[in-house]
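Asker:
Protein chains: 2
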Amino acid sequence: MSTTSTVEVTTVLREHIMSGQIHPGEKLQQQRLAQALGVSRTPLRTALANLAQEGLLQYEPNRGYTVRAFKRKDIIDGFAARAVLEGLAAATVARQGMSDDALQDLASLLTIGDTALAKGRLDPDDLDDYRTMNVNFHQRIIEEARNSWVEELVRHTQLIPFASNRMIVWQDYSIMVRSHDDHHRLVDAISRRDVARADYLLREHINFAGDYVAKCIEDGRITTGFSKHRRNIA
Amino acid sequence: MSTTSTVEVTTVLREHIMSGQIHPGEKLQQQRLAQALGVSRTPLRTALANLAQEGLLQYEPNRGYTVRAFKRKDIIDGFAARAVLEGLAAATVARQGMSDDALQDLASLLTIGDTALAKGRLDPDDLDDYRTMNVNFHQRIIEEARNSWVEELVRHTQLIPFASNRMIVWQDYSIMVRSHDDHHRLVDAISRRDVARADYLLREHINFAGDYVAKCIEDGRITTGFSKHRRNIA
DNA sequence: TACCAAAGGATTGGATGCAATCTTGAGATA
DNA sequence: TATCTCAAGATTGCATCCAATCCTTTGGTA
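If you read the protein sequences in the order shown, they are chains S and A.
The first sequence maps to residues 1 to 234 in our numbering.
The second sequence maps to residues 1 to 234 in our numbering.
#1: Which whole-angstrom value is the C-beta distance of GLU86/S and ILE206/S, which I expect to be below 8 Å?
#2: Quick check: the stretch 145 to 161 of chain S against the stretch 65 to 79 of chain S, are at least 3 beta-carbon pairs closer than 8 Å?
#3: If you measure between the beta carbons of GLY120/A and HIS183/A, is that distance less than 8 Å?
#4: Quick one: which chain A residues come within Cβ less than 8 Å of ASP74/S?
#5: Going by the beta-carbon positions, is the gap between LEU51/A and LEU44/A smaller than 8 Å?
#6: Considering just the uninterrupted stretch of the alpha helix (DSSP H) at GLY64/S, what are its terminal residues?
#7: Using 8 Å as the threshold, is the stretch 16 to 27 of chain A in touch with the stretch 66 to 74 of chain A, meaning 3 or more CB pairs across them?
#8: Go ahead and pull the three-state DSSP assignment for SER19/S.
#9: Please report the residue range of the alpha helix (DSSP H) in which LEU186/S lies.
#10: Applying the criterion that 16 or more other CB atoms from any shown protein chain within 10 Å of the CB defines a buried residue, is THR179/S buried or exposed?
#11: Once DSSP output is grouped into helix, strand and coil, what is the label at GLU60/A?
#12: Are any of the Cβ atoms in chain A nearer than 8 Å to that of HIS205/S?
#13: For my contact list, ARG131/S and VAL195/S are in at a C-beta cut-off of 8 Å; report their separation, rounded to the angstrom.
#14: Using beta-carbon positions only, say whether MET98/S and GLU144/S come within less than 8 Å of one another.
#15: First and last residue of the alpha helix (DSSP H) that includes ILE206/A?
#16: Over the uninterrupted alpha helix (DSSP H) stretch that includes LEU44/S, give me the two end residues.
#17: For GLN35/A and chain S, any beta-carbon pair shorter than 8 Å?
#18: Are LEU109/S and ASN147/S touching if we call contact CB-CB under 8 Å?
#19: Suppose contacts are defined by Cβ-Cβ distances below 8 Å. Is GLU151/S in contact with ILE141/S by that definition?
#20: Beta-carbon separation of ALA241/A and THR3/A under 8 Å?
#21: LYS27/A by DSSP, collapsed to three states: which one?
#22: Given this structure, state the Cα-to-Cα distance separating ALA83/S from LEU122/A, to the nearest angstrom.
#23: Taking 8 Å as the CB-CB cut-off, is GLN31/A touching chain S?
#24: May I ask which residues mark the beginning and end of the alpha helix (DSSP H) holding ARG82/S?
Below, the structure is given as structure tokens:
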């Protein structure tokens, strides 16, 4: 396993920012951070530059890097962009037709979701399974579309602390059931090569998720780093 | 005007890559490049990291940076992604309603286009005006949507050598007339708050541009750096 | 001939020192 | 008191040096 300390530092820092261990708005001092991470300033500076380019940090020449504080609107807007991009992916897959591999993968992901929801109520033990399934489901469709830009751009929209697929989790059983039903319908639509329905099913699916997250922010169940409470995910 | 040599080097290198002065696939040697640019390897390496993050360079640990060679499909896919994103922007503006400023700006951009096309034939002297107008027109609509992600993601899709709005130019008068007619219809649709038509007018507008560029690549009028001829824009 | 191994040079990655810029705070002035 | 000035400390940016990794080439072996 050959890697460089720059990429390790980049990964670690990204994780710290995404999880909120480093707070939005915080200034990152190179000397201090480098020492804390056990490297010199050189690889750290490269990592900072990378994360700034990813949009997680803000950079001002001669003044250094600060953690970007996403506003509520940034998060909503991210979902809107993701919705049309993933809609494009679904439409593309429907038009091209799915490979057998993809169909099989999606079918087994659907089953995992069905199983997690089978109890008729929300069991916290099943949440991790469901969330992982959800991430993989969306990822699998994007991969199958084989549009490198959609892949890249969607990954980019996921780089928002507390708003990525990996962090967000439904907190209401009935919403999860409906959401997973969307997954079933989506696979059906794609299988039938129904481009239009595949497109709008996935767009609606993600737009609704955006509305839900917006509501959570409103209620204070999620904070973006700027609201007064300064709490993380409830 | 305070800036750092890192950002200057980044800008210069980006320009060199976008314009094809540095060829796709080419390996970038740090020592040599730094000397050529008159800086040390430190700011150069930061610039290289930035450009790699932007997608213009490919990086392999311990092996350095090479200029990314976009394949034909990458370019087509870029237009597909841009189409849905700009469609979202147009739809958003139509839904929100345009500010007076925006309406005025767009109207005067339309006039510039009308003027450039008024001769009834294609005058090379007017091409620059038209191209600039076209870039500003699209940019203005995106700005007016005020969705930071769309802005950012579209900028990203434009970072393809020879395929950005700034480089591409129609070479057929009748196509330009039709394309500019799209602009007129788009402003009309947005003014009437017709979300659906604004959306699909801009999508079609860009998808067609993508088809056109694809055809140009096919004909060898544009090369992506991988085709045998290794020519630039004709 | 084809393949493998090791040594030497070449290239990239990281640490350190110094210069340039910014920030802070004490003192002066209105 | 509020504001401005400027100097000292702090922080970032850049150049250089050394270490780690890669690449090439030469020689050997099956």
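In this text, a Cβ means the ideal position worked out from N, Cα and C, and glycines have one as well.
Everything numeric in this text was worked out from a predicted model, so none of it was measured.
Answerer: In short, the structure shows the following:
#1: Contact flag correct, Cβ pair sits at about 6 Å.
#2: Touching, yes, given that three or more Cβ pairs across the two stretches are closer than 8 Å.
#3: No. Outside cutoff.
#4: Ordered by position in chain A, the residues that pass the 8 Å Cβ test against ASP74/S are SER148, TRP149.
#5: In this structure, LEU51/A sits away from LEU44/A, with a CB-CB distance that is not shorter than 8 Å.
#6: In this chain, GLY64/S is not harboured by any alpha helix (DSSP H); it is covered by the beta strand (DSSP E) spanning 64 to 67.
#7: Contact holds between the stretch 16 to 27 of chain A and the stretch 66 to 74 of chain A, because three or more Cβ pairs, one in each stretch, are under 8 Å apart.
#8: Of the three classes helix, strand and coil, the one that applies to SER19/S here is coil, per DSSP.
#9: Looking at the DSSP string, the run of the alpha helix (DSSP H) that includes LEU186/S is 173 to 191.
#10: Contrary to the premise, residue 179/S reads as Ser rather than Thr in this sequence. SER179/S is buried by the Cβ-count criterion.
#11: Strand, per DSSP.
#12: No, HIS205/S lies away from the interface with chain A (no Cβ there is under 8 Å from its Cβ).
#13: Not really, about 29 Å apart at Cβ, beyond 8 Å.
#14: Closer than 8 Å, so yes.
#15: That run of the alpha helix (DSSP H) goes 195 to 219.
#16: First-last of the alpha helix (DSSP H) with LEU44/S: 41 to 54.
#17: It does not; no Cβ of chain S falls within 8 Å.
#18: Contact: no.
#19: The answer is no: Cβ separation not under 8 Å.
#20: The structure shown does not extend to residue 241/A, since chain A is modelled only from 1 to 234, so the question has no answer here.
#21: Here LYS27/A sits in strand by DSSP.
#22: Approximately 40 Å between the Cα atoms of the pair.
#23: Using a CB distance cut-off of 8 Å, GLN31/A does not count as an interface residue toward chain S.
#24: Its alpha helix (DSSP H) spans residues 72 to 96.
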